[in-house]
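J.:
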Amino acid sequence: KQEVTQIPAALSVPEGENLVLNCSFTDSAIYNLQWFRQDPGKGLTSLLLIQSSQREQTSGRLNASLDKSSGRSTLYIAASQPGDSATYLCAVIGTGANNLFFGTGTRLTVIP
Amino acid sequence: DAMVIQNPRYQVTQFGKPVTLSCSQTLNHNVMYWYQQKSSQAPKLLFHYYDKDFNNEADTPDNFQSRRPNTSFCFLDIRSPGLGDAAMYLCATSRAGPNQPQHFGDGTRLSIL
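Written out as structure tokens, the structure is:
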């Protein structure tokens, strides 16, 4: 069964710093990997989706990479802002399934 | 704006009293999903509809049922809520196909008294 791990569980950085969030998954047979943002008490906002044939995706200050063979993805946030404070979740869809397998997230705090 | 809407945002019910959560979408997506997310845990898929075809996850309790009367609406029914069912319930939609992103609503937080 697919397992998704995110390290660290929590991260605090001063405003303006660049940072990297990590995601690893045990089964490399995936269709895609999706990064989400979740604000407290809210639903999930999709940030980036990387298909299994892609290596990276970029949106504004966000860049997500995927190394399927090693079962890893990173989310790079440039020039962090207090408004980036949230929990970031990664999720993968395995082949033969519609199910998103989620990690437990990294809670990011950007300190003004 | 096209979106996924969940009502209500907060729901309180009594132990054992049936409750229904609703989800609607204006995206015209084929697939609708219900996830359960307990505090500090990852969302867990309960079931999904591919058009009218219902797909239940193997470990979803029988206490949870779902209805999709049309493309736009999907309901989650909890027949006899227990204290362990208190959680955030998230609805999501996507187009058909494994490379389609899932779009989530803001969730309904369910409390059990």
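Protein sequences appear in the order of chains S and X. All residue numbers for the first sequence refer to the numbering used here, where the first residue is 44 and numbers rise by one. All residue numbers for the second sequence refer to the numbering used here, where the first residue is 38 and numbers rise by one. Yeah, the Cβ is synthetic: ideal placement off N, Cα and C, and Gly gets one too. Bear in mind that the values here come from a model prediction, so they are computed numbers and not experimental data.
1) Note down, in chain order, each residue of its chain lying with its Cβ closer than 7 Å to the Cβ of SER108/S, except the 5 sequence neighbours on either side.
2) Reducing DSSP to helix, strand and coil, say where PRO57/S ends up.
3) Might you give, ordered along the chain, the residues of its own chain that have their beta carbon closer than 7 Å to the beta carbon of GLU10/X, omitting 5 neighbours on each side?
4) Over the uninterrupted beta strand (DSSP E) stretch that includes THR57/X, give me the two end residues.
5) Within 8 Å (strictly less), CB to CB, does GLN77/S reach chain X?
6) Run the CB neighbour count on LEU113/X, radius 10 Å, all protein chains shown included, and call it buried at 16 or more, exposed below.
7) GLN102/X: which of ASN67/X, SER59/X, ASN44/X sits nearest, CA to CA?
8) Give me the subset of the stretch 49 to 66 of chain S whose CB atoms are less than 7 Å from a CB atom of chain X, sorted by chain position.
9) So, helix, strand or coil for LEU120/X, using DSSP?
10) Could you tell me whether any Cβ in chain S is nearer than 8 Å to the Cβ of ALA79/X?
11) I'd like the list of long-range same chain contacts for PRO51/S, defined as Cβ closer than 7 Å, with 5 residues on each side in sequence excluded.
12) For LEU179/S, which residues in chain X fall below 7 Å Cβ to Cβ?
13) Quick one: list the residues of chain S neighbouring GLY147/X, beta-carbon separation under 7 Å, in chain order.
14) Pick helix, strand or coil for GLY137/S, following the three-state DSSP scheme.
15) Using a Cβ-Cβ distance under 8 Å, would ASP143/X count as near chain S?
16) Can you list, in chain order, the residues of the stretch 106 to 127 of chain X whose Cβ is nearer than 7 Å to any Cβ on chain S?
17) Please report the distance separating the alpha-carbon of ASP143/X from that of ALA72/S.
18) Please report whether the beta-carbon of PRO45/X lies at a distance below 8 Å from any beta-carbon of chain S.
19) Could you work out which residue in THR138/S, ILE154/S, GLN49/S is closest to VAL63/S when comparing CA atoms only?
20) Let me see if you follow: with CB-CB separation under 8 Å, is PRO55/X close to chain S or not?
21) Give the single residue among LEU105/S, LYS111/S, SER95/S, TYR74/S whose Cα lies nearest to the Cα of SER89/S.
22) Distance check for GLN73/X and PRO57/S, CA to CA, integer angstroms please.
T.: Answer, in terms of the structure:
1) Taking the first residue of the first sequence as position 1, residue 108/S is located at position 65. Hits under 7 Å: ARG98, GLU99, SER116, THR117.
2) The residue you call residue 57/S lines up with position 14 of the first sequence. In this structure, PRO57/S counts as strand in the three-state DSSP scheme.
3) Residue 10/X falls outside the range modelled here, since chain X spans only 38 to 150, and no answer is possible.
4) Taking the first residue of the second sequence as position 1, residue 57/X is located at position 20. 56 to 62 is the extent of the beta strand (DSSP E) around THR57/X.
5) As a first step, residue 77/S is located in the first sequence; it is residue number 34 there, counting from the start. Yes, contact with chain X.
6) Against the second sequence, residue 113/X aligns to sequence position 76. LEU113/X is buried by the Cβ-count criterion.
7) Indexing the second sequence from 1 puts residue 102/X at position 65. Out of ASN67/X, SER59/X, ASN44/X, SER59/X has the C-alpha closest to the C-alpha of GLN102/X.
8) none
9) Locating residue 120/X in the second sequence gives position 83, where the first residue counts as 1. Looking at LEU120/X - three-state DSSP - the assignment turns out to be helix.
10) For the purposes of this step, residue 79/X is taken as the residue at position 42 of the second sequence. True, the Cβ-Cβ gap to chain S drops below 8 Å.
11) One-based indexing of the first sequence puts residue 51/S at position 8. Correct list, in chain order: THR149.
12) In the structure as shown, chain S begins at 44 and stops at 155. Residue 179/S is therefore absent and cannot be evaluated.
13) Here residue 147/X is taken as the residue at index 110 of the second sequence, counted from 1. Correcting the residue type first, residue 147/X is Leu in the shown sequence and not Gly. In chain order: nothing, as chain S lies at least about 13 Å away.
14) In the first sequence, residue 137/S corresponds to position 94, counting from 1. Three-state DSSP puts GLY137/S in a strand.
15) Stepping through the second sequence from its first residue, residue 143/X is reached at position 106. It does; some Cβ of chain S falls within 8 Å.
16) LEU127
17) By 1-based counting over the second sequence, the position of residue 143/X is 106. By 1-based counting over the first sequence, the position of residue 72/S is 29. If you take the alpha carbons of ASP143/X and ALA72/S, they lie about 30 Å apart.
18) To locate residue 45/X, count along the second sequence from 1; it is residue 8. Judged by the 8 Å Cβ criterion, PRO45/X is not in contact with chain S.
19) For the purposes of this step, residue 63/S is taken as the residue at position 20 of the first sequence. Closest option to VAL63/S, Cα to Cα, is GLN49/S.
20) Taking the second sequence and counting its residues from 1, the one referred to as residue 55/X is at position 18. Chain S contact via Cβ: absent.
21) Locating residue 89/S in the first sequence gives position 46, where the first residue counts as 1. The shortest C-alpha separation from SER89/S is found at LEU105/S.
22) Indexing the first sequence from 1 puts residue 57/S at position 14. Indexing the second sequence from 1 puts residue 73/X at position 36. Cα to Cα, the separation comes out at about 33 Å.
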